[in-house]
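So the sequence lines, in the order shown, correspond to chains X and L.
Numbers given in the working numbering equal positions in the first sequence, counted from 1, plus 2.
Numbers given in the working numbering equal positions in the second sequence, counted from 1, plus 2.
Below: the structure, in structure tokens.
Protein chains: 2
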Amino acid sequence: MVDRGNVMFMGTVESTGETSTLRIFTEFCPALLGIERYSHLIVLYWFHLRDNPEHRKTLQVTPPRHEGAPLTGVFACRSPSRPNPIGVTVVKLERIDGCKLMVSGLDALEGSPIVDLKPYNPDSDSVPEAEVPGYMRHL
Amino acid sequence: MVDRGNVMFMGTVESTGETSTLRIFTEFCPALLGIERYSHLIVLYWFHLRDNPEHRKTLQVTPPRHEGAPLTGVFACRSPSRPNPIGVTVVKLERIDGCKLMVSGLDALEGSPIVDLKPYNPDSDSVPEAEVPGYMRHL
């Protein structure tokens, strides 16, 4: 049975800040056609600094920055240490300039490879009433 | 520059329907610890039937099932044909039985490899007011 796959990097998080810049490599730029019709995007990016055997064998962590959080499986938290070092963040698309997207709300480090972009559709992606444990509420 | 990465498959979409079953491989089962504290999850899965050169070189499609949709970049739609065959779906966690999760709302084919699970946090993941083009509204 096939038990793994490969991903190609589509671009790079060129800069981060209140507004972050995603640079899409020229060869993948045609995949942006029409993206300006959406206000928000889902960004899949590579936790490149955690792409090593130690971090990829991490299955449980105690989430930092959440007082009272217990030992937690990495499928039950957003730890960048996990078997597949892929992060998912919802961002607001602020502006497009050729193959560059300016976005706000990105939770990624500068230099992170971009794995995929998807348009955000509230019909399927927004669940305002979703429940989380109490220690996630006092960020 | 590193321009690609590899993903390991964490489990399989064992059955689909109103409720779908995700089976996590035994070795990755510890990563589920505490997942029952969340009502909803983000599932990353592999579009295994599209993992071939033809589908992975697809950069633009005309989305089917959306009357009036124009030619669109794959970063601006949820096409399973895309350079990295990764799907993202928000599901409701209905029940857990050992290493199996019963979920509703999964938009994946039976047999799809599971790439990652993440807990859904409405603070960062829910954007009810996100804008989409008109042709996405009449599903």
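Glycine included, each C-beta is placed from N, C-alpha and C at the ideal position.
Cβ separation of residue i and residue j, assumed to be a contact under 8 angstroms, to the nearest whole Å
i                      : j                      : result
residue 49 of chain X  : residue 33 of chain L  : Not really, about 15 angstroms apart at Cβ, beyond 8 angstroms.
residue 138 of chain X : residue 23 of chain X  : That pair is no contact at about 29 angstroms.
residue 70 of chain X  : residue 62 of chain X  : Not quite, the Cβ-Cβ distance comes to about 17 angstroms (not below 8 angstroms), so this is no contact.
residue 25 of chain X  : residue 14 of chain X  : 5 angstroms
residue 135 of chain X : residue 128 of chain L : 16 angstroms between Cβ atoms; not a contact.
residue 107 of chain X : residue 91 of chain X  : 7 angstroms
residue 41 of chain X  : residue 65 of chain X  : Rounded, the Cβ-Cβ distance is 30 angstroms, inconsistent with contact.
Residue i, buried or exposed, once every other Cβ within 10 Å from all chains shown has been counted against 16
i                      : result
residue 99 of chain X  : exposed
residue 125 of chain L : exposed
residue 59 of chain X  : exposed
residue 115 of chain L : buried
residue 55 of chain X  : exposed
residue 35 of chain L  : buried
residue 72 of chain L  : exposed
residue 8 of chain L   : exposed
Identified DSSP bridge partners for residue i
i                     : result
residue 10 of chain X : L:6
residue 47 of chain L : L:89, L:116
residue 24 of chain L : L:15, L:103
residue 2 of chain X  : Outside the modelled stretch of chain X, which goes from 3 to 141, sits residue 2 of chain X, for which no answer is possible.
residue 42 of chain X : X:94
Three-state class that DSSP yields for residue i in the structure shown
i                      : result
residue 131 of chain X : coil
residue 57 of chain X  : helix
residue 124 of chain X : helix
residue 75 of chain X  : strand
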